[in-house]
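To start, the structure under review is shown below, and the notes come after it.
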Amino acid sequence: DQQVKQNSPSLSVQEGRISILNCDYTNSMFDYFLWYKKYPAEGPTFLISISSIKDKNEDGRFTVFLNKSAKHLSLHIVPSQPGDSAVYFCAASQQSNTGKLIFGQGTTLQVKP
Amino acid sequence: DGGITQSPKYLFRKEGQNVTLSCEQNLNHDAMYWYRQDPGQGLRLIYYSQIVNDFQKGDIAEGYSVSREKKESFPLTVTSAQKNPTAFYLCASSPGQGIFGNQPQHFGDGTRLSIL
């Protein structure tokens, strides 16, 4: 049972435009959500997170939106840069289930110059 | 610089052999984790440890074993009972939970294990 789903395996965006990556979850007990970026043959790098008490968190070019009623979160990258080309994973956890992250399958973002 | 070190980067195993993957962190983190990544899939949790001398099975623990004798170290052994061991293995750590609240996990650069 896939509790965290990223339904788009890939996304291609022109440099300077907005990239929107989506993630859906099924477990209403999740209360902390994260986005990671991963280059080939490297470990994931933490990008941004959001607690379930918020609906938006912003850090520079990256903004994460959380819609609890729809069990949906999204990552916006504005403006997109070629260096943003990577695989993006969303992850979710439940604070009472200490430390366990459930990851989505990942979305490969390609930003074209 | 603080971080997580995984070694080796590439590892080859003959059928029937056990192999041990190393993970060391100098971040003074209490919690450590092992994940497996297969092509086109997300990361799946193998084992995790919230404190020294304690660890719990994750979602796909069969064929794997771990130990946590020191705070800094969390080695993973892939045993001959693991029928499909070829994968990219990632180690992570985090400060822990409780009064610290939710904290992101920080990852090493991984070990790619292949069967000869």
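Residue numbers (the numbering used here), protein chains in the order written: chain A, 1 to 113; chain B, 1 to 116. C-beta: ideal position from N, C-alpha, C; glycine also.
Listed by chain order, chain A residues near residue i by CB distance under 8 Å
i, result
"Q82 of chain B", "Simply none; closest approach about 20 Å."
Per-residue contacts from residue i into chain A (C-beta, under 7 Å)
i, result
"P104 of chain B", "L34, F46 and S49"
"Q41 of chain B", "Q105"
"D109 of chain B", "E42 and G43"
"L45 of chain B", "K100"
DSSP state of residue i mapped onto helix, strand, coil
i, result
"D30 of chain B", "coil"
"Q31 of chain A", "Reading off the sequence, residue 31 of chain A comes out as Asp, not Gln. It is coil, neither helix nor strand."
"Q105 of chain A", "coil"
"D55 of chain A", "coil"
"F100 of chain B", "For F100 of chain B, the pLDDT reaches just 47, beneath the cut-off of 50, and the residue's location in the model is therefore unreliable, leaving the point undetermined."
"D84 of chain A", "helix"
"Q105 of chain B", "coil"
"F12 of chain B", "strand"
"I50 of chain A", "strand"
"S80 of chain B", "coil"
"K5 of chain A", "strand"
Inter-residue Cα distance where the pair is residue i and residue j
i, j, result
"S65 of chain B", "D54 of chain B", "13 Å"
"I99 of chain B", "P82 of chain A", "The predicted position of I99 of chain B is uncertain, since its pLDDT is 44 and thus under 50; a value taken from the coordinates is nonetheless stated next. Computed Cα separation, rounded: 39 Å."
"H106 of chain B", "E15 of chain B", "32 Å"
"S80 of chain B", "A31 of chain B", "27 Å"
"F62 of chain A", "C23 of chain A", "15 Å"
"Q94 of chain A", "I50 of chain A", "12 Å"
"S74 of chain A", "L66 of chain A", "7 Å"
"S85 of chain A", "A61 of chain B", "32 Å"
"E15 of chain A", "V64 of chain A", "20 Å"
"N28 of chain B", "F46 of chain A", "18 Å"
"Q41 of chain B", "G104 of chain A", "8 Å"
"Q17 of chain B", "T86 of chain B", "13 Å"
"I51 of chain B", "K70 of chain B", "9 Å"
"S69 of chain A", "L109 of chain A", "27 Å"
Burial state of residue i (16 or more Cβ within 10 Å)
i, result
"K83 of chain B", "exposed"
"H72 of chain A", "exposed"
"K112 of chain A", "exposed"
"R68 of chain B", "buried"
"Y39 of chain A", "exposed"
"I77 of chain A", "buried"
"I115 of chain B", "exposed"
Residue i Cβ short of 7 Å to the ligand MG heavy atom set
i, result
"D24 of chain A", "This structure does not include the ligand MG; it has no bound ligands of any sort."
Listed by chain order, chain B residues near residue i by CB distance under 7 Å
i, result
"F30 of chain A", "What F30 of chain A touches in chain B: nothing, since even the nearest Cβ is about 11 Å away."
Amino acids of chain A, ordered along the chain, whose beta-carbon sits closer than 9 Å to that of residue i
i, result
"L90 of chain B", "G43 and P44"
Residues bridged to residue i [DSSP beta-bridge criterion]
i, result
"F65 of chain A", "A:K56 and A:S74"
"Q14 of chain A", "A:K112"
"E24 of chain B", "B:T5 and B:S73"
Contacts of residue i in chain D (Cβ-Cβ under 9 Å)
i, result
"F89 of chain A", "Absent here is chain D; the protein component of the structure consists of chains A and B."
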